[in-house]
Amino acid sequence: MDRGIQEQIQQCAFTLFPILARTPLKPLAIGAGASLHKTLCQSFEQADVSVYLDRFFSSREYKLALINCYRASYTRYNLDGSPSSSTVNEHELLGLARHGIFKNKKGLTEKAAQLVSEQKRYVSDRKKQLKDKVMRLKQSGFSDQFLLHRLGKRIEPYLKVNSIGVQFYSENMINEARMMK
23 MDRGIQEQIQ
33 QCAFTLFPIL
43 ARTPLKPLAI
53 GAGASLHKTL
63 CQSFEQADVS
73 VYLDRFFSSR
83 EYKLALINCY
93 RASYTRYNLD
103 GSPSSSTVNE
113 HELLGLARHG
123 IFKNKKGLTE
133 KAAQLVSEQK
143 RYVSDRKKQL
153 KDKVMRLKQS
163 GFSDQFLLHR
173 LGKRIEPYLK
183 VNSIGVQFYS
193 ENMINEARMM
203 K
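In the numbering used here, the protein residues as written are 23 to 203.
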């Protein structure tokens, strides 16, 4: 998308909906994106508006507005600036915190920064548990294909690491374990 068109769309959006130009940005009500899209499509091409809105809603600034709602005001706002009846979902905040977009904690409130740190630890622990599980299953004699089929593509990095790593059990030990079944 042409940068000039993007700036024109942004100026139009800021003029029609001053809440979008406020600093700090406020989380918008559910469905506000559709209303914004419909309004902006009256002046611009649909494809350009869609690209602009995708960039707006996926921007760090907008996600920062969402995550800073944690343990504060969960309020979302309508395009006219009034509080909406919809609120920011706790699961949405957990997903944002786990995503990794907030490696730099600049702009986060203290509570939001704490949530991000907790969720980073959670994700790290879950990855370690998955890696350990894959290592144990591989050592028990399960094939890579079987593990991929049962556990999914998310284990591919651990299969590669394990194929390079040292096997802790000898083939005799594995065969004896199979016979015990």
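The beta-carbon is built from N, C-alpha and C at its ideal position, and this holds for glycine as well.
Who are the near neighbours of residue 118 in its chain, counting only those whose CB is closer than 7 Å to its CB and skipping five residues on each side?
Numbered from 1 along the sequence shown, position 96 holds the residue referred to as residue 118. So the list reads 85, 88, 89, once near-sequence residues are dropped.
Since residue 37 is in the alpha helix (DSSP H), which residue starts that stretch and which ends it?
Working through the sequence shown from its first residue, we reach residue 37 at position 15. Per DSSP, the continuous alpha helix (DSSP H) segment holding residue 37 begins and ends at 25-38.
Span of the alpha helix (DSSP H), counted from its first residue to its last, around residue 74:
Start at 1 with the first residue of the sequence shown, and residue 74 comes out as number 52. 68-79 is the extent of the alpha helix (DSSP H) around residue 74.
Can you tell me whether residue 40 is buried or exposed, with buried defined as 16 or more other CB within 10 angstroms of its CB?
The residue labelled residue 40 in the question sits at position 18 within the sequence shown. With fewer than 16 other Cβ atoms within 10 Å, it is exposed.
Could you round the C-beta distance between residue 106 and residue 98 to whole angstroms and report it? I think they count as a contact, below 8 Å.
Indexing the sequence shown from 1 puts residue 106 at position 84. Indexing the sequence shown from 1 puts residue 98 at position 76. Sure, about 4 Å apart at Cβ, within 8 Å.
Measuring CB to CB, does residue 101 end up less than 8 Å from residue 75?
The count along the sequence shown starts at 1 and reaches residue 101 at position 79. The count along the sequence shown starts at 1 and reaches residue 75 at position 53. No; because the gap between Cβ atoms is not below 8 Å, this pair is not in contact.
Can you check whether the CB of residue 156 is closer than 8 Å to the CB of residue 130?
Taking the first residue of the sequence shown as 1, we reach residue 130 at position 108. Taking the first residue of the sequence shown as 1, we reach residue 156 at position 134. No, the Cβ-Cβ distance between residue 130 and residue 156 is not below 8 Å.
Report all residues from its chain with a CB closer than 8 Å to the CB of residue 28; omit the five preceding and five following residues, and keep chain order.
As a working note, residue 28 is residue 6 in the sequence shown. Cβ contact annotation for residue 28 (same chain, cutoff 8 Å, sequence separation greater than five): 70, 73, 74, 77, in chain order.
Host beta strand (DSSP E) of residue 57 (start-end)
Counting from 1 along the sequence shown, the entry for residue 57 is found at position 35. Careful: residue 57 lies outside any beta strand (DSSP E), inside the alpha helix (DSSP H) at 54-62.
For residue 143 and residue 65, what's the separation of their Cα atoms in angstroms?
For the purposes of this step, residue 143 is taken as the residue at position 121 of the sequence shown. For the purposes of this step, residue 65 is taken as the residue at position 43 of the sequence shown. Approximately 46 Å, taken between the alpha carbons.
Where residue 36 falls, given that 16 or more other Cβ within 10 Å makes a residue buried:
The residue given as residue 36 occupies position 14 in the sequence shown. With fewer than 16 other Cβ atoms within 10 Å, it is exposed.
Once DSSP output is grouped into helix, strand and coil, what is the label at residue 104?
Position 82 of the sequence shown, counted from the first residue, corresponds to residue 104. Coil, per DSSP.
If we ignore side chains and look at the alpha-carbon of each, how far apart do residue 133 and residue 201 end up?
Counting from one through the sequence shown, the residue named residue 133 turns up at place 111. Counting from one through the sequence shown, the residue named residue 201 turns up at place 179. Cα atoms of residue 133 and residue 201: separation of roughly 54 Å, rounded to the nearest angstrom.
Between the C-alpha atoms of residue 163 and residue 140, what's the straight-line distance to the nearest angstrom?
Looking up residue 163 in the sequence shown gives position 141. Looking up residue 140 in the sequence shown gives position 118. Roughly 35 Å between the two C-alpha positions.
Is it right to say residue 168 is buried, meaning 16 or more other beta carbons lie within 10 angstroms of its own, or is it exposed?
Locating residue 168 in the sequence shown gives position 146, where the first residue counts as 1. So residue 168 counts as exposed.
Just mark residue 94 as buried or exposed, buried being the case when its beta carbon has 16 or more other beta carbons within 10 Å.
Your numbering for residue 94 matches position 72 in the sequence shown. Exposed: under 16 other Cβ atoms inside 10 Å.
Residue 170 versus residue 32 - alpha carbon distance
Locating residue 170 in the sequence shown gives position 148, counting from the first residue. Locating residue 32 in the sequence shown gives position 10, counting from the first residue. Cα to Cα, the separation comes out at about 45 Å.
Since I believe residue 49 is in contact with residue 110 (beta carbons under 8 Å), could you give me their beta-carbon distance rounded to a whole number of angstroms?
Position 88 of the sequence shown, counted from the start, is the residue given in the question as residue 110. Position 27 of the sequence shown, counted from the start, is the residue given in the question as residue 49. About 6 Å; that satisfies the 8 Å criterion.
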